[in-house]
Amino acid sequence: MSTPFTKEMKKDYTILIPNMSPIHFNIAKEVFVNHGYKVVLLDNQGPNVIREGLRYVHNDICYPAQLVIGQLIDAIKHGDYDTNKIALVITQTGGGCRASNYLFLLRKALEKCNLGHVPVISLNLKGMEKNPGFKLTFFILLQAYSAFVYGDLLMALANQTRPYETKAGEADALVAKWTEYLSDCFAHNRGYIGWAMKRNLNRICDEFALIETKKVEKIKVGIVGEIYMKYSPLGNNHLQDYLEAQGCEVMVPSLMGFLYYGADNAITDRKYYGGRFISAKLTQFVLKQLYKVEKMSRQAMLKSGKFTVPIPYTEMKKLDEGLLDYGVKMGEGWLLTAEMLDLVHSGYTNIVCTQPFGCLPNHIVAKGMIRAVTERTKEANIVPIDYDPSATGVNQENRIKLMLAIARENLEKNKENA
Ligand code: SF4
C-alpha cells in the first residue's frame, strides 16, 4: 500500500527530484518552489548511484530506470534528510514503454530498503495517480512550459557559443544569470506569457550574440537518443563535456520537441484507434497555442542572425515522410529519426546516438534507422553508443573517437573542395 502525498505534507516535506536536464530543470524547479513546495533537485553522481540502482532494481530493466531510482535511493541514504519528511517525484508517461512503470519499480525498491513509508508522487498529465497535496494546476503547467522554452533557448545558445568564446565561461555565466532572473520573474508571477516572455527571449538572444567569439571551424556533433540519456550527464557519462573537450560544437535537440511529440501522439491515437473526439480537438487547440510560443523563440534567434535556428516541430515531423509511420511512437518513436535527419540538414552531420540498455523502442528508431538516414543524407556520420552499468567509458570514448576521425577527414575534404 503506497503512502499518498497529503495536503498537510506540502508544508514541511522536502520533495526530491531526479535531475534529467540541468539547464531546463534548474529553471522549472523554481516553478514548484513558487507554488509552495520545498524541492531539491538531485545532483548526486558517481558509482554509488548505479550501485544502488542495481541493488534494488532488476538488472533487466532499462538503464535510465536503474539510474533514476539509484540516484533517489543514494540521495536518501547518503543525503542529510529526515526520511519521515521527504517525498520523491518520478515521471509516468502513460505510454506503451516501461517509463510508465518506473513509479512502481521505485516503490518496490523503497520497500526493499525499509523506506516504504516515503510517498512517491507520479508526475503525469494523464491523471494516472492522484495525490491530494500535489496538483499540476493550470499555472504550474503554464510556467513549467515557459521554463522549458527558456531552457531550450539557453541550451541552444550556450552550446553554439561556448566552443568559440574568447573569454572562457561567458556563455555559462549568462545561463546562470538568466536562470536566476527567470526564477525571480516566476516568483513575481511574470515573464511566462505574452510580450514579457517575448522581451525576455529577445534579450537572451541579444546578450548571447554580444559574447565575443573566435572564428574557428569546429566539428559539429548532434546528440540524439532516449530522452534521459540524451540530456542527463549522469546517464551519458558527461558526453557533451567530452565532445567539447575534443574540440566539437554540440547540438542537442529541444526538449519541447519531445513534449509536442507526446501531445501530438494523442491525436494519432484518436486517428488510429478511436478515442474521444473532444480530447483530440482540445490537444490540437493547445498545440496551436504552443506553436505560437515556439515561433516567438525561433524569431528571437533568427533576428540575432548569429545562430543556427531549430526548424519548427511541424516541419521536423515532415522529414520522416516515406520513412516511418507516425504510429511508431513508443519511446522517442518517429521523432528520433526525424531529429537525426534535421541535425544532418542543419550541418550537424556527425551524430552520437545514445542508446540505453534494455530500450527496445529506441533501438528500433535509432540504430534500426541509421541505414535509412544515411541513404537519404549521404553526409551523415552516425555512431550508436550503448550505455549500461557494465559499459566502460573507455570503450564508449573509443567508438566516439572513430566517428570523430571520420568527421575530421570530412571537414578537411570540405575545406579542399570549398
Ligand atoms: S524509452 Fe526505452 S529506456 Fe526509456 S523508459 Fe522506454 S524502454 Fe526504458
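To convert, note that position 299 of the sequence shown is 298 in numbering that gives the first Met the number 0; the numbers rise steadily by one, no gaps. Idealized CB from N, CA, C, for every residue including glycine. None of these values were measured; they are calculated from a predicted model.
task = Use the C-beta contact count for Y312: other C-beta atoms within 10 angstroms, 16 or more gives buried, fewer gives exposed.
result = Counting from one through the sequence shown, the residue named residue 312 turns up at place 313. When all chains shown are included, Y312 counts as buried.
ask   = With which residues is V351 paired in a DSSP beta bridge?
value = For this step, residue 351 is matched to residue 352 along the sequence shown. V351 pairs with I222, V382.
inquiry  = Just checking I89 against ligand 1 - is the residue's beta carbon closer than 8 Å to any of the ligand's heavy atoms?
reply    = Indexing the sequence shown from 1 puts residue 89 at position 90. Result no, Cβ not under 8 Å from ligand 1.
key: Runs of alpha helix (DSSP H) wholly within the stretch 128–174 (minimum 4 residues, chain order)   = 137–160
query = Per DSSP, K37 is paired with what?
reply = In the sequence shown, counting from the first residue as 1, residue 37 sits at position 38. Partner(s): T13.
key: the stretch 200–216 touching the stretch 374–393, judged by at least three CB pairs closer than 8 Å   = no
key: Identity of the residue in I266, M154, Y12, Y260 nearest D81 by Cα   = Position 82 of the sequence shown, counted from the start, is the residue given in the question as residue 81. The shortest Cα separation from D81 among I266, M154, Y12, Y260 belongs to Y12.
message = Using 9 Å as the threshold, is the C-beta distance between E29 and F185 below it?
response = Residue 29 sits at position 30 when you count from the first residue of the sequence shown. Residue 185 sits at position 186 when you count from the first residue of the sequence shown. The answer is yes: Cβ separation under 9 Å.
message = If you measure between the beta carbons of A157 and I22, is that distance less than 9 Å?
response = Locating residue 157 in the sequence shown gives position 158, where the first residue counts as 1. Locating residue 22 in the sequence shown gives position 23, where the first residue counts as 1. Their beta carbons are under 9 Å apart, which means A157 touches I22 by this criterion.
query = Under 9 Å between the Cβ atoms of E243 and K213?
reply = As a position in the sequence shown, residue 243 is number 244, starting the count at 1. As a position in the sequence shown, residue 213 is number 214, starting the count at 1. It is not a contact, given that the beta carbons lie outside the stated cut-off.
message = What would DSSP say about I460, mapped onto helix, strand or coil?
response = Residue 460 is absent from the structure shown; the chain starts at 0 and stops at 417.
task = For A86, count neighbouring C-beta atoms within 10 Å of its own C-beta (all shown protein chains included) and say buried if the count is 16 or more, exposed if not.
result = Locating residue 86 in the sequence shown gives position 87, counting from the first residue. By the neighbour-count rule (16 or more Cβ atoms within 10 Å), A86 is buried.
key: Contact test: G357 Cβ vs ligand 1 heavy atom, cutoff 8 Å   = Position 358 of the sequence shown, counted from the first residue, corresponds to residue 357. Checking every heavy atom of ligand 1 against the Cβ of G357, one is found closer than 8 Å.
query = Under the criterion of a Cβ to heavy atom distance below 8 Å, does G330 qualify as lining ligand 1?
reply = Here residue 330 refers to the residue found at position 331 when the sequence shown is read from its first residue. Yes - ligand 1 has a heavy atom lying nearer than 8 Å to the Cβ of G330.
query = Sorry if obvious, but does the Cβ on P309 come closer than 8 Å to a heavy atom of ligand 1?
reply = Here residue 309 corresponds to residue number 310 of the sequence shown, with the count starting at 1. For ligand 1, not one heavy atom lies less than 8 Å from the Cβ of P309.
query = Just the Cα atoms here: how many angstroms apart are G126 and N413?
reply = As a working note, residue 126 is residue 127 in the sequence shown. As a working note, residue 413 is residue 414 in the sequence shown. Each residue's Cα considered, the two are about 52 Å apart.
request  = Let me know the secondary structure DSSP gives L122 once reduced to three states.
outcome  = Residue numbering aside, residue 122 sits at position 123 when the sequence shown is read from its first letter. DSSP, reduced to helix, strand and coil, places L122 within a strand of the structure shown.
task = Can you check DSSP and say which residues form a bridge with M8?
result = To locate residue 8, count along the sequence shown from 1; it is residue 9. Bridge partners of M8: none, in fact.
query = So C204 is in the alpha helix (DSSP H); what residue range does that whole segment cover?
reply = As a first step, residue 204 is located in the sequence shown; it is residue number 205 there, counting from the start. Looking at the DSSP string, the run of the alpha helix (DSSP H) that includes C204 is 193–209.
message = So for E293, helix, strand or coil by DSSP?
response = Within the sequence shown, residue 293 is the residue found at index 294, counting from 1. Helix at E293.
inquiry  = Between which residues of its own chain and G93 is the CB-CB distance below 7 Å, once the five residues before and five after are set aside?
reply    = Counting from 1 along the sequence shown, the entry for residue 93 is found at position 94. So the qualifying residues of the chain are S99, N123, K125, M127.
Option nearest G168 by Cα separation, candidates A195, E211, Y191, R50 = Residue numbering aside, residue 168 sits at position 169 when the sequence shown is read from its first letter. Nearest C-alpha to G168: E211.
task = Quick one: measure Cβ to Cβ for S145 and M196, integer angstroms, because I've assumed they're closer than 8 Å.
result = The count along the sequence shown starts at 1 and reaches residue 145 at position 146. The count along the sequence shown starts at 1 and reaches residue 196 at position 197. Yes, S145 and M196 are in contact; Cβ-Cβ is about 6 Å, under 8 Å.
Continuous beta strand (DSSP E) stretch holding V249: start and end = Here residue 249 refers to the residue found at position 250 of the sequence shown. Taken as a continuous stretch (DSSP letters only), the beta strand (DSSP E) holding V249 covers 247–250.
key: Segment limits, alpha helix (DSSP H) that includes E314   = Numbered from 1 along the sequence shown, position 315 holds the residue referred to as residue 314. Note, E314: alpha helix (DSSP H), 312–317.
query = With G35 and K76 assumed to form a contact (beta carbons below 8 Å), what rounded beta-carbon distance in angstroms separates them?
reply = The count along the sequence shown starts at 1 and reaches residue 35 at position 36. The count along the sequence shown starts at 1 and reaches residue 76 at position 77. Their Cβ separation, rounded to whole angstroms, is 28 Å, which puts G35 and K76 out of contact at 8 Å.
inquiry  = Here's the rule: buried if 16 or more other CB atoms are within 10 angstroms of the residue's CB, otherwise exposed. What is R97?
reply    = As a working note, residue 97 is residue 98 in the sequence shown. The residue is buried, with at least 16 neighbouring Cβ atoms inside 10 Å.
task = Count the CB pairs spanning the stretch 129–145 and the stretch 104–112 that are closer than 8 Å, and state whether there are at least three.
result = no
ask   = Straight-line CA distance for D268 to E216?
value = Taking the first residue of the sequence shown as position 1, residue 268 is located at position 269. Taking the first residue of the sequence shown as position 1, residue 216 is located at position 217. So the alpha carbons of these two residues sit roughly 45 Å apart.
ask   = Of the residues K37, D73, L152, L289, which one's Cα is nearest the Cα of G132?
value = In the sequence shown, residue 132 corresponds to position 133, counting from 1. Among K37, D73, L152, L289, the Cα nearest to that of G132 is on K37.
ask   = Where does F31 land, buried or exposed, given buried means 16+ other C-beta within 10 angstroms?
value = If you number the sequence shown from 1, residue 31 lands on position 32. Buried, since its Cβ has 16 or more Cβ neighbours within 10 Å.
task = Leaving aside the five residues before and after K291 along the sequence, list all residues of the same chain whose C-beta is less than 7 Å from its C-beta, in chain order.
result = The residue labelled residue 291 in the question sits at position 292 within the sequence shown. Counting only Cβ-Cβ distances below 7 Å, and skipping sequence neighbours, we find nothing.
query = Roughly how many whole angstroms lie between the Cα atoms of L41 and K377?
reply = Translated into positions along the sequence shown, residue 41 becomes position 42. Translated into positions along the sequence shown, residue 377 becomes position 378. Between L41 and K377, the C-alpha separation is close to 41 Å.
query = At what residue ranges does the stretch 50–112 contain a whole run of the beta strand (DSSP E), taking only runs of 3 or more?
reply = For the stretch 50–112, the full-length beta strand (DSSP E) segments reaching 3 residues or more read 85–90 along the chain.
request  = Give the secondary structure of T336 by DSSP, where H, G and I count as helix, E and B as strand, and everything else as coil.
outcome  = Counting from one through the sequence shown, the residue named residue 336 turns up at place 337. Helix.
message = On the DSSP bridge list, what partners appear for T212?
response = For the purposes of this step, residue 212 is taken as residue 213 along the sequence shown, with counting starting at 1. In DSSP, T212 forms a bridge with E164.
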